[in-house]
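Residue numbers (our numbering): 1322 to 1918.
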């Protein structure tokens, strides 16, 4: 393979090597200093909106050469490489560049060589692999629908696009795969075959081309995040385990597998059937300079304009990744499109904050302290978590800061271990730059206001229950359920248990002189929750929960059970307020069955 002539590689390229954006800063004149007669270097303009490599290279704009990424992938010992970076840090651009390099002739789009004059052409190992392999490229960003059925349709559509883009003549398709190839082409593959479609497709490509396949999957974590958000997480995991397991595990069929995403999903989630998985995140060094712009690259892009360079540094630098200072590439590209205009918030303006808002709302009390410190420019110390298990994300007090780090809202530096036997990783975290500080101010203040509002509603719930105030209890509990519980939480096989635990936690701050009891015997049964006074002259309350298709009907069942089993018998305090509570999804009906004087 290495002695095979490869188009675009070899000494001919070295003779005409130009200056490229992203090369070492010492090769550049210092901003503001120009040799006599030298032409002033103007700021470069990058293609905005071109997410794919070939399109970006064909539009005549400047391009930051990240092609050394190809060689780093080839030199990695990982069988399956998972690269996690924040939104708009160049993941899709790099993955589509990787798609073009090994593609066999005829699979890529026609036209000029998109790698002309790029650094990868001097990499002998990379050149030996050029145009040697079939490449299967999928993007799962389409999987962001609110139902699992709609997301499966998205997978069908993406498989259809991937297969058609390979332009394989029907007569070359193996007989065993022909029926499935037809179903994929028509986006009609049966649901029971869909989890195994990726594996069948790569085996067919291996047979057709006689060479192992490269499999590239962009936004691999989109279905997982979506499923968690809308309550069908287990459906997604049951699908993705065999989908990825069958598609990527055979090294005789798959030579390279590279996946990109935002969050590092824990191995016990969707990678449990795979070995040789290596994950690279903002905490790691090997691919640190491949995503985002380095200082040298931004110096080159800014041209001989010291004012522009200073503004770019102030607004968009600040991420520390693998010991390198990294700029947000999306924001830099937007700023360079109008270099004479004031710097603005670009990356934050396109951010989705639902994930962080939900985690923050359900986080421990010290999360608000962290947010307050970050908002005023201080740093906070946090333990890092290696992988995200989505069902646990709201229950783990470490996860808010971890998710904010991996999604680009925070950066920081790793702390030295005081104990060499302690393998836990701690970091001091901070807001990375002026853009994120400006853009996150409203987000953080909104979260802090939500904390205050939820605390107030918790007090109102307790006050309403102990005062027999139905309107107050109904409003407080409905507000808490609506803001803090998700449909994913309520997808549990025993949703009544989820409500029970939620209300127990919500009532943890009872005033002095009260105890909260759960499932204790009173009367002829065990009411769900009892708020019992320590004296006869103070009010007490008890609650019975039921779930059903209708919150009102469930409340009726709870009320009958309370009366039939005489729950108020033996309960200390007077009066005793007996509450029937019916739940259905996020719907709540609270009814006062009657105070016992």
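Glycine is no exception: its CB is placed at the ideal position from the N, C-alpha and C atoms.
None of the values given here were measured: they were computed from a predicted structure.
Going by DSSP, residue 1905 is part of the beta strand (DSSP E) stretching over 1897–1905. Between the alpha carbons of residue 1620 and residue 1627 lies a gap of roughly 9 Å.
In the structure shown, residue 1510 falls within a coil segment according to DSSP collapsed to helix, strand and coil.
Residue 1797 has its alpha-carbon roughly 10 Å from the corresponding atom of residue 1791. The stretch 1815–1867 is shown to contain whole alpha helix (DSSP H) runs of 4 or more residues at 1816–1827, in chain order. In the DSSP secondary-structure assignment, residue 1614 is bridged to 1648. Contact annotation: residue 1750 and residue 1824 have beta-carbon atoms that are not nearer than 9 Å. Put simply, the backbone Cα of residue 1901 is about 38 Å away from that of residue 1692.
Contact check for residue 1455 against residue 1579 fails: the beta carbons are separated by 9 Å or more. Straight-line measurement puts the Cα of residue 1803 at about 30 Å from the Cα of residue 1896. Residue pairing of residue 1424 in beta bridges, as defined by DSSP: 1454.
Scanning the stretch 1350–1413 from its first residue to its last, the whole alpha helix (DSSP H) runs of 4-plus residues come out as 1374–1378, 1389–1396. With a 10 Å radius around the Cβ and a threshold of 16 neighbouring Cβ atoms, residue 1697 comes out exposed.
Shown here, residue 1574 sits in coil according to DSSP, grouped into three states, outside any helix or strand.
Per DSSP, the beta-bridge partners of residue 1538 are 1459, 1580. Taking 8 Å as the upper bound for CB-CB distance, residue 1479 and residue 1461 are in contact here, some 7 Å apart.
Leaving aside the five residues that flank residue 1407 on each side, the residues in its chain whose CB is nearer than 6 Å to its CB run, in chain order, 1728, 1729. Listed in chain order, the non-local C-beta contacts of residue 1374 below 7 Å within the same chain comprise 1414, 1417, 1418, 1421, 1435, local neighbours out to five positions each way being set aside. Residue 1664: not part of any beta strand (DSSP E); DSSP gives it neither H nor E. The way I'd put it, the stretch 1898–1912 does touch the stretch 1864–1880; three or more beta-carbon pairs between them come closer than 8 Å. Under the three-state reduction of DSSP, residue 1494 is assigned to coil, being neither helix nor strand. DSSP places residue 1703 inside the beta strand (DSSP E), whose first and last residues are 1701–1704. DSSP lists no beta-bridge partner residue for residue 1468. The three-state secondary structure of residue 1642, taken from DSSP, is strand.
When Cβ pairs closer than 8 Å are counted between the two stretches, the stretch 1592–1605 is seen to touch the stretch 1557–1567, the count reaching three or more.
In the structure shown, residue 1520 falls within a helical segment according to DSSP collapsed to helix, strand and coil. When C-alpha distances from residue 1530 are compared across 1560, 1574, 1548, 1515, the shortest belongs to 1574. Less than 9 Å divides the Cβ of residue 1466 from the Cβ of residue 1547.
By the neighbour-count definition (other C-beta atoms within 10 Å, threshold 16), residue 1611 is a buried residue. Within the model, the alpha-carbon separation for residue 1371 versus residue 1404 is close to 21 Å. Counting C-beta pairs with one atom in each stretch, the stretch 1848–1864 and the stretch 1745–1765 have fewer than three that are closer than 8 Å, which means they do not touch. Each residue's CA atom was taken as its position, placing residue 1605 and residue 1382 some 31 Å apart. Taking the Cβ atoms as the reference, residue 1464 lies roughly 5 Å from residue 1543, within the contact range of under 8 Å. Per DSSP, the beta bridge partners of residue 1913 are 1900. Under the three-state reduction of DSSP output, residue 1717 falls in the coil class, being neither helix nor strand. By DSSP's assignment, residue 1586 forms a beta bridge with 1709.
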